[in-house]
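Chemist:
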Amino acid sequence: MAVAKSTEPTNKAEFLQRVREALGRKEPLLYPPDYPPLKSATIRQEEKIQTVLARNAARRPRLLERLAENAGAAGWNVHRVWNPEDTAQTVADIAKKAGAKNVVRSSEDVFKPMDLDGALRRARIKPIVLASSRSRPRADLTGIAFDADMGVTGVSYAIAETASCVITPRRGLARITSLAPPVYVAVVRAEQVIESLDDYFALVRLQYQRTRGRGVNYANFISGPSRTADIEQTLTIGVHGPGEVHLVLVS
Amino acid sequence: MTLVKSSQFRKASAAAVRSPKIQIALDRVMDHFVEARAHALEEFPPESWEQMRERASAIKAQTLENLDYYLDLVDRNVQRNGGQVHFAADAAEANRIVVDIAKSVGAKQAIKSKSMVSEEMGLNQVLEREGIEPVETDLGEYIIQLAHETPFHIIAPAMHKSREEVSDLFHDWLKTAPTDDIRQLCMIARSALREKFATADIGITGANFVVAETGTVVLVTNEGNGRMTTSVPRVHVAISGIEKVIPAIEDVALFLRLLPRSATGQRITSYNSFISGPRAPSDEDGPEEFHLILVDNGRLNLLKDPEFREALKCIRCGACLNTCPVYRKVGGHAYGGVYSGPIGAVVTPMMAGIKDAKDLPHASTLCGSCRDVCPVKIDIPKLLLRLRQREVGGSASERSSTWTERLLMRRWRSTVLTRAALERSASLGRFLQGPITRRNRIRKLPVPVLGGWTKARDFPPLAPKSFATIWRDELAGDGRG
Amino acid sequence: MKVLRRAGVDVTFPADQTCCGQVGYNGGFEQEAREVALHFMDVFDGDEPVVVPSGSCASMIKIFYLDLFADDPVLLERAQRLSERTHEFSDFLVNVLEVENVGAAFGGTVTYHDACHLLRELHISAEPRALIEGVSGAELAEMTDSDRCCGFGGLFSVKFPEVSAAILGEKLENIEASGAEVVVANDCGCLMHMRGALSRKGMRQRAMHIAELLASQSGLAVGQPERPEA
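Residue numbers (this note's numbering), protein chains in the order written: chain W, 179 to 429; chain G, 29 to 509; chain E, 191 to 420.
1) Rounded to a whole number of angstroms, what is the C-alpha to C-alpha distance between residue 290 of chain W and residue 250 of chain W?
2) If we ignore side chains and look at the alpha-carbon of each, how far apart do residue 352 of chain W and residue 308 of chain W end up?
3) Using only the alpha-carbon positions, how far apart do residue 485 of chain G and residue 461 of chain G sit?
4) Which whole-angstrom value describes the C-beta separation of residue 444 of chain G and residue 240 of chain E, a residue pair presumed to lie in contact below a C-beta threshold of 8 Å?
5) Using a Cβ-Cβ cut-off of less than 8 Å, list which residues of the region 300-313 of chain G approach chain W; keep chain order.
6) For residue 221 of chain W, is the classification buried or exposed, using 16 other Cβ atoms within 10 angstroms of its Cβ as the cut-off for buried?
7) Where does residue 372 of chain G fall in DSSP's three states?
8) Closer than 6 Å by C-beta to residue 489 of chain G: which residues in its own chain qualify, once you throw out the five before and the five after it? Chain order, please.
9) Hey, would you say residue 190 of chain G sits closer than 8 Å to residue 206 of chain G, going by beta carbons?
10) Apart from the five residues just before and just after residue 399 of chain E, which ones in its own chain have a Cβ nearer than 8 Å to its Cβ?
11) Can you round the beta-carbon distance between residue 145 of chain G and residue 320 of chain G to whole angstroms, since I take them to be within the 8 Å contact cut?
12) Looking at the unbroken beta strand (DSSP E) that takes in residue 115 of chain G, where does it start and where does it end?
13) Rounded to the nearest angstrom, what separates residue 314 of chain E and residue 63 of chain G at their Cα positions?
14) Of all the beta strand (DSSP E) runs that stay within the bounds of the region 169-257 of chain G, which reach a length of 3 or more residues?
15) Determine the DSSP secondary structure at residue 306 of chain E, reduced to helix, strand or coil.
16) Using only the alpha-carbon positions, how far apart do residue 327 of chain W and residue 280 of chain W sit?
17) Using a C-beta to C-beta distance shorter than 7 Å, which residues of chain E count as neighbours of residue 419 of chain G?
18) Can you name the residues of chain W whose CB is closer than 7 Å to the CB of residue 67 of chain G?
19) Go ahead and label residue 278 of chain E buried or exposed: buried means 16 or more other beta carbons lie within 10 angstroms of its beta carbon, across all protein chains shown.
20) Whose C-alpha, out of G/367, G/38, G/440, G/378, is nearest the C-alpha of residue 416 of chain G?
21) With a threshold of 16 other CB atoms inside 10 Å of the CB of residue 392 of chain E, please say whether the residue is buried or exposed.
22) Identify the contact partners of residue 213 of chain W in chain G, using a Cβ-Cβ distance below 9 Å as the criterion.
23) What is the rounded straight-line gap between the Cα of residue 468 of chain G and the Cα of residue 388 of chain E?
24) Within the 8 Å Cβ cut-off, does residue 329 of chain W reach chain G?
25) Roughly how many angstroms lie between the CA atoms of residue 473 of chain G and residue 491 of chain G, to the nearest whole one?
26) Could you please give me the residues that DSSP links to residue 303 of chain G through a beta bridge?
27) Give every residue of the same chain whose Cβ lies closer than 6 Å to the Cβ of residue 549 of chain G, excluding the five residues on either side of it in the sequence, and list them in chain order.
28) At which residue ranges does the region 251-299 of chain W contain complete beta strand (DSSP E) runs of 3 or more residues, listed in the order of the chain?
29) I need the DSSP call for residue 140 of chain G, collapsed to helix, strand or coil.
30) Any idea if residue 416 of chain E is buried or exposed, counting beta-carbon neighbours within 10 angstroms, 16 or more meaning buried?
31) Please list the terminal residues of the continuous alpha helix (DSSP H) segment that includes residue 381 of chain E.
32) From what residue to what residue does the beta strand (DSSP E) around residue 319 of chain G run?
33) Of the choices W/262, W/245, W/228, whose alpha-carbon is the least far from that of residue 255 of chain W?
34) Residues of chain G with CB under 8 Å from residue 245 of chain E, in chain order?
35) Assuming residue 324 of chain E and residue 291 of chain E make a contact with CB atoms under 8 Å, what is their CB distance in whole Å?
36) What number of angstroms, rounded off, separates the C-alpha of residue 151 of chain G from the C-alpha of residue 224 of chain G?
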């Protein structure tokens with residue numbers, strides 16, 4: 179919950195005045211700068227999005243191929259599921275192969291039509307839904323996630339250009355599910371795959387305009403396993419985030 | 029700005045060149061970065077990459093021209109998202125703001141993700157003084173924190189440390205068993221820091237970009253510590269220089285294409301976080317408070333100068349360091365400040381004052397390679413030249429050329445102003461060089477300043493006849509030889 | 191001179207010339223540089239093309255004079271006209287005379303060093319290579335990082351001699367590794383720098399200005415510096 183504090187920075191006017199003077203002006207601008215990307219109104223953005231969505235729908239099979247290819251190259255383990263009913267089993271198999279004893283997952287809609295918990299239990303793996311409830315307050319979620327062997331979430335989008343899964347936390351999806359455990363599985367539905375970074379940010383812009391800025395405060399791209407080369411320029415995988423990442427692409 | 033030791037560049041660079049440890053590290057890392065970047069660029073036809081650079085440069089220039097407008101937009105939008113913005117004129121003010129926020133939530137421990145501006149501020153020392161333990165979580169920053177050193181490179185702060193040195197540091201500070209296995213060393217850091225992630229009260233990060241349109245801080249990372257720092261603690265404080273602003277959310281795509289390729293040769297880093305405020309009430313986790321501190325700390329010196337303004341376009345990719353023949357031989361510490369390499373040689377004198385950093389504009393052969401690789405097309409050689417000009421003929425606070433140099437330059441001017449003067453000097457030179465020339469070379473020039481040449485190189489003696497003489501006596505009348 | 195004359199050019203050497211002024215300009219001494227540059231402009235006043243053997247001097251005249259005289263419209267105009275008439279040596283041969291084979295002969299392997307100003311200010315890199323390949327008997331062997339600075343940088347070489355020498359050391363390693371006997375460059379500063387270390391280290395390679403190579407008729411370059419005895 180945002181703590182109510184005095185919101186106007188006390189020295190803002192003075193600070194901005196010094197910036198202005200550095201630029202050789204005494205007064206604030208009368209009109210916003212002429213910068214087209216900022217000026218395009220919601221209606222125009224909606225038209226743009228129609229085009230974006232249509233193009234993505236038309237190219238979907240090729241996009242799925244490109245995503246799978248780029249993801250493989252980026253260090254994801256890619257699993258293509260041609261029959262949605264097989265999704266739960268695919269995830270359970272990943273967990274088993276990874277030696278996971280417990281798996282945390284979000285409570286997103288993507289998991290509703292499948293019985294992931296059942297598939298996990300049959301493999302003798304304990305499923306935990308990482309969402310707050312009366313019996314499990316938010317404060318406990320961190321500890322549970324840090325102890326878990328594997329995390330599973332859905333995604334908002336998957337960007338083919340960069341093999342990025344976009345996670346936007348909300349009720350039922352804790353950020354930490356995709357971050358703390360050493361193994362992470364992203365379940366991506368075909369219709370969530372979009373072509374490029376430009377498409378994604380165009381969508382974000384429209385959402386921002388529609389909700390008048392009271393939309394999503396956080397989003398994260400996951401484009402592969404956690405990596406570092408800070409010691410002797412030698413690549414090590416899995417430093418703080420998951421070292422093993424799986425992309426389950428459901429067509 | 030914190031202590032800048034850039035006036036010691038001459039000594040520090042000579043020592044770096046003689047240090048086998050530093051040379052081994054530079055040899056290993058620099059080529060890797062250059063090759064990785066070149067490989068990443070192969071994806072684009074050269075004209076496309078050029079267009080991208082041109083567009084990014086134009087966007088940044090436009091933003092800087094209207095920076096007051098965009099900073100105001102950032103403030104209004106972050107507030108609308110439920111966050112708070114603070115403006116800090118200098119390092120002291122910025123540090124005070126961080127400490128006040130930390131104290132207001134009773135924080136005892138702060139986890140930090142990489143932030144160059146916080147190094148400028150000397151934030152860690154201030155936090156420690158106030159009884160708040162700062163823990164760097166980026167592996168490279170963690171290593172240099174344990175070693176009590178400043179970053180050696182903008183992107184790879186600990187690149188100068190060998191695995192043995194890292195092992196010793198971990199042994200000394202964490203009491204872990206020595207090992208020369210790099211993966212094991214990383215895992216030691218992982219466990220040590222994982223504890224801190226779970227218990228820290230406040231997370232402090234930098235910002236790669238700040239989007240004005242939506243009030244969004246963009247973090248570009250690979251390890252996961254950035255995500256940890258902005259997800260687990262109750263409070264998130266992002267610190268950013270005022271120049272990191274980009275106008276529109278749709279601009280992010282372009283910069284996300286330019287930055288990772290220029291920095292590490294990656295198409296995209298493992299993680300990109302887009303943070304616009306504290307958690308929404310319905311979010312399962314995330315910070316309850318979000319603060320963005322926008323810092324000046326000398327950047328207005330660059331902004332107010334129309335020629336130097338472009339140095340603020342910098343997106344901190346480090347590509348200029350990796351290609352610079354000077355940086356590649358001396359590394360980051362010799363520059364004596366937080367920012368090293370070509371961009372450091374420009375911003376350090378401008379932010380800290382030319383007199384404190386007078387060597388830096390000369391620490392360059394003006395080869396121009398940095399300008400070629402800069403993703404936002406900053407004309408670094410031109411700016412270095414301008415700094416040199418200010419050292420000679422600038423304002424009282426800028427003039428710092430030495431008496432010897434000025435004398436030498438006047439001598440040079442007089443010698444080459446007329447042919448007659450040049451010939452007189454040449455005659456004198458031919459006379460004087462006799463005793464010091466052996467087998468047509470001069471092995472030691474016993475002259476101030478210029479004598480440095482002969483430490484490692486022979487100097488050519490003046491030819492017995494100048495070309496002008498040969499021309500006059502032999503070739504001129506020849507017509508077609 | 192010989193090469194230009196062989197190519198049929200009527201070339202003169204204005205005897206009053208001294209220096210283009212870059213040393214002062216790069217040191218930040220605008221006043222002194224301006225005076226020297228003005229002398230240069232006076233000496234080379236006229237309409238004929240001006241051919242410059244050294245890349246850094248050529249870029250000083252063609253590019254940086256426009257900066258040096260930016261605040262004086264009269265001088266700026268003169269500088270602009272001079273800039274248009276000025277050509278670096280290999281640029282003149284290949285792009286103005288449209289000649290790549292000047293009738294030279296040199297039996298040996300040659301490697302080429304891309305001087306920084308020539309490459310990055312004047313964008314000349316194909317022309318010298320074309321000329322080298324036009325030399326009968328010469329074989330061009332590219333070195334690694336031919337476009338990396340040699341470490342001269344004018345006064346840089348004496349202000350920070352250790353760093354300068356270290357950068358030069360890497361350049362020499364690359365020259366050695368190329369297998370060439372001769373390194374060619376179109377810049378007098380780079381050449382003086384490289385020659386200085388080649389002789390100090392007693393290395394077998396020679397550094398030559400491209401004109402020396404192109405003047406060669408029989409496998410021995412004209413006016414080559416005396417080889418230091420081992």
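From the three backbone atoms N, C-alpha and C, an ideal C-beta is built for every residue, glycine too. Keep in mind that this is a model prediction, so the values were computed, not measured.
Modeler: Let me spell this out:
1) The sequence position of residue 290 of chain W within the first sequence is 112, counting from 1. The sequence position of residue 250 of chain W within the first sequence is 72, counting from 1. Using only the alpha carbons, I get a separation of about 28 Å.
2) To locate residue 352 of chain W, count along the first sequence from 1; it is residue 174. To locate residue 308 of chain W, count along the first sequence from 1; it is residue 130. Their Cα atoms are separated by approximately 7 Å.
3) Taking the second sequence and counting its residues from 1, one reaches residue 485 of chain G at position 457. Taking the second sequence and counting its residues from 1, one reaches residue 461 of chain G at position 433. The alpha-carbon atoms of residue 485 of chain G and residue 461 of chain G are separated by roughly 16 Å.
4) For the purposes of this step, residue 444 of chain G is taken as the residue at position 416 of the second sequence. For the purposes of this step, residue 240 of chain E is taken as the residue at position 50 of the third sequence. Between residue 240 of chain E and residue 444 of chain G the Cβ distance is about 17 Å, and since that is not below 8 Å, they are no contact.
5) 300, 301, 302, 303, 304, 305, 306, 307, 308, 309, 310, 311, 312, 313
6) Residue mapping note: residue 221 of chain W aligns to position 43 of the first sequence, counting from 1. By the 10 Å Cβ count, residue 221 of chain W comes out exposed.
7) Translated into positions along the second sequence, residue 372 of chain G becomes position 344. Here residue 372 of chain G sits in helix by DSSP.
8) In the second sequence, the residue the question calls residue 489 of chain G occupies position 461. Contacts found: 461, 465, 470.
9) One-based indexing of the second sequence puts residue 190 of chain G at position 162. One-based indexing of the second sequence puts residue 206 of chain G at position 178. Not closer than 8 Å, so no.
10) Counting from 1 along the third sequence, the entry for residue 399 of chain E is found at position 209. 243, 374, 375, 376, 378, 381, listed in sequence order.
11) Stepping through the second sequence from its first residue, residue 145 of chain G is reached at position 117. Stepping through the second sequence from its first residue, residue 320 of chain G is reached at position 292. 12 Å between Cβ atoms; not a contact.
12) Position 87 of the second sequence, counting from 1, holds the residue named residue 115 of chain G. Its beta strand (DSSP E) spans residues 112-116.
13) As a first step, residue 314 of chain E must be located in the third sequence, where it is residue number 124. As a first step, residue 63 of chain G must be located in the second sequence, where it is residue number 35. Approximately 24 Å between the Cα atoms of the pair.
14) For the region 169-257 of chain G, whole beta strand (DSSP E) runs of length 3 or above, ordered along the chain, are 230-233, 237-239, 244-249.
15) In the third sequence, residue 306 of chain E corresponds to position 116, counting from 1. In this structure, residue 306 of chain E counts as helix in the three-state DSSP scheme.
16) Within the first sequence, the letter at position 149 stands for residue 327 of chain W. Within the first sequence, the letter at position 102 stands for residue 280 of chain W. Going from the Cα of residue 327 of chain W to the Cα of residue 280 of chain W covers about 6 Å.
17) The count along the second sequence starts at 1 and reaches residue 419 of chain G at position 391. Ordered by position in chain E, the residues that pass the 7 Å Cβ test against residue 419 of chain G are 218.
18) Within the second sequence, residue 67 of chain G is the residue found at index 39, counting from 1. By Cβ distance, chain W contributes nothing, its closest Cβ being about 13 Å from residue 67 of chain G, past 7 Å.
19) Position 88 of the third sequence holds residue 278 of chain E. Residue burial is scored here from C-beta neighbours: residue 278 of chain E has at least 16 other C-beta atoms within 10 angstroms and is therefore classed as buried.
20) By 1-based counting over the second sequence, the position of residue 416 of chain G is 388. The residue from G/367, G/38, G/440, G/378 with its alpha-carbon nearest to that of residue 416 of chain G is G/378.
21) For the purposes of this step, residue 392 of chain E is taken as the residue at position 202 of the third sequence. Exposed is the call here.
22) The residue you call residue 213 of chain W lines up with position 35 of the first sequence. Neighbours of residue 213 of chain W on chain G, chain order: 87, 90, 91, 94, 275, 276.
23) Numbered from its first residue, the second sequence carries residue 468 of chain G at position 440. Numbered from its first residue, the third sequence carries residue 388 of chain E at position 198. Residue 468 of chain G and residue 388 of chain E: Cα-Cα distance of roughly 14 Å.
24) By one-based count along the first sequence, residue 329 of chain W stands at place 151. No, residue 329 of chain W lies away from the interface with chain G (no Cβ there is under 8 Å from its Cβ).
25) Within the second sequence, the letter at position 445 stands for residue 473 of chain G. Within the second sequence, the letter at position 463 stands for residue 491 of chain G. When rounded, the distance between both Cα atoms is 17 Å.
26) Here residue 303 of chain G refers to the residue found at position 275 when the second sequence is read from its first residue. Beta-bridge pairing links residue 303 of chain G to W/396, G/245.
27) Beyond the ends of chain G as shown, which are 29 and 509, falls residue 549 of chain G; an answer cannot be given.
28) Whole beta strand (DSSP E) segments, 3+ residues: 254-259, 280-283.
29) Taking the first residue of the second sequence as position 1, residue 140 of chain G is located at position 112. In this structure, residue 140 of chain G counts as strand in the three-state DSSP scheme.
30) Here residue 416 of chain E corresponds to residue number 226 of the third sequence, with the count starting at 1. Reliability fails at residue 416 of chain E, whose pLDDT of 44 lies under 50, so the model's placement of it is uncertain and the value that follows must be treated cautiously. Counting Cβ neighbours within 10 Å, residue 416 of chain E comes out exposed, since fewer than 16 surround it.
31) Translated into the one-based positions of the third sequence, residue 381 of chain E becomes position 191. DSSP places residue 381 of chain E inside the alpha helix (DSSP H), whose first and last residues are 378-390.
32) As a position in the second sequence, residue 319 of chain G is number 291, starting the count at 1. 317-323 is the extent of the beta strand (DSSP E) around residue 319 of chain G.
33) What you label residue 255 of chain W is simply residue 77 of the first sequence in a count that begins at 1. Residue W/245 is the option with its Cα nearest to residue 255 of chain W.
34) The residue given as residue 245 of chain E occupies position 55 in the third sequence. Within chain G, no residue comes near residue 245 of chain E; the closest Cβ sits about 12 Å away, beyond 8 Å.
35) Taking the third sequence and counting its residues from 1, one reaches residue 324 of chain E at position 134. Taking the third sequence and counting its residues from 1, one reaches residue 291 of chain E at position 101. The Cβ separation is near 4 Å, so the contact holds.
36) Indexing the second sequence from 1 puts residue 151 of chain G at position 123. Indexing the second sequence from 1 puts residue 224 of chain G at position 196. Taking the straight line joining both Cα atoms gives about 18 Å.
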